[in-house]
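In my numbering, the protein residues as written are 5 to 217.
Ideal Cβ placement from N, Cα and C applies to all residues, glycine included.
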Ligand SMILES: Nc1ncnc2c1ncn2[C@@H]1O[C@H](COP(=O)(O)OP(=O)(O)OP(=O)(O)O)[C@@H](O)[C@H]1O
Ligand SMILES: [Mg+2]
C-alpha cells in the first residue's frame, strides 16, 4: 500500500492525543495528506461501540466481551476508514491501535496472547502499523494529568496496578518488535516530544504521500 500507518500508544494521560495533533499539523504544513483518527472509534459504528466500552455504568463487561468489542470496533474502523486512506497514499495516524488491546486486554485483563493476536489478525487483515510510538510516562504522572480533566471513564478507573501492567506490556512490545515499536520519553515538554516523534517517522515518508495540491 502507498500510505504510511503510524500509531501512537501509551497509558492514560501519556500525551497521545496531544502528539497526534502536533504530528498532524507538522505533516500538513509539509503538504502531506494526513488522516488522524482514534481507537476505540474512528467511524460511526466504532464510536457507538466506544461508548459501550468506556461507559462506567458497564462494569459487568467480561474480559472476553471487552476484547471482542475492541476488535469489532477495529474491524469496522479498518475497513471503513484506515484501509481506504492507506490505499489512497495518505499518512494515517491513529491514537491507539492493536498494541493497546495487547497491553490492556492481554496484559491488563490476563487474556492469553495467542487469543489476542488471532483476533488482531481477524480484525485488521493486512493492515498493520509501519511504526508505533509508545509515549512512556510513570503511571502516577499519567493519572495525575488526566485527573485534571473531568470524570474518569471505565478503563481510567482501574487501579494503579492495572496501569502498571499496561505500561510494562508496552515496553515489552518495544523489546519484541524493536523495528516497529519505538519508546519515546513522554515526560519531556510536548514540542520536544513532537520533534523526537517526527525524527523517528521521517524515514517512512515518500513523495507518494504528498497531497498533490
Ligand atoms: N508532555 C507533556 N507534559 C505535560 N503535560 C502534558 C504533556 N502532554 C500532554 N500533557 C497534558 O496531559 C493531559 C493528557 O494529555 P493527552 O490528552 O494528550 O493524553 P492522552 O494520552 O491522549 O490521554 P488519554 O489516555 O486520556 O486519551 C492534557 O491535559 C495535556 O495537555
Ligand atoms: Mg487521548
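Around residue 54, the same chain offers 44, 45 and 77 as residues with beta carbons nearer than 7 Å, after the five sequence neighbours per side are excluded. Relative to the Cα of residue 213, the nearest Cα in the group 92, 27, 87 and 84 belongs to 92. Your pair residue 58 and residue 159 checks out as a contact, with CB atoms roughly 7 Å apart and the cut at 8 Å. For the stretch 43 to 77, the full-length alpha helix (DSSP H) segments reaching 4 residues or more read 48 to 58 along the chain. By the Cβ test, the stretch 121 to 137 is in contact with the stretch 83 to 102, since at least three Cβ pairs between them sit closer than 8 Å. Taking the Cβ atoms as the reference, residue 99 lies roughly 16 Å from residue 185, outside the contact range of under 8 Å. Our two residues, residue 161 and residue 145, have alpha carbons roughly 15 Å apart in a direct line. Closest in alpha carbon position to residue 48, among 149, 79 and 33, is 79.
Note on the stretch 136 to 167: whole alpha helix (DSSP H) runs with a minimum of 4 residues are 143 to 151, in chain order. Selection 6, 26 and 5 evaluated against residue 12 yields 26 as nearest (Cα-Cα).
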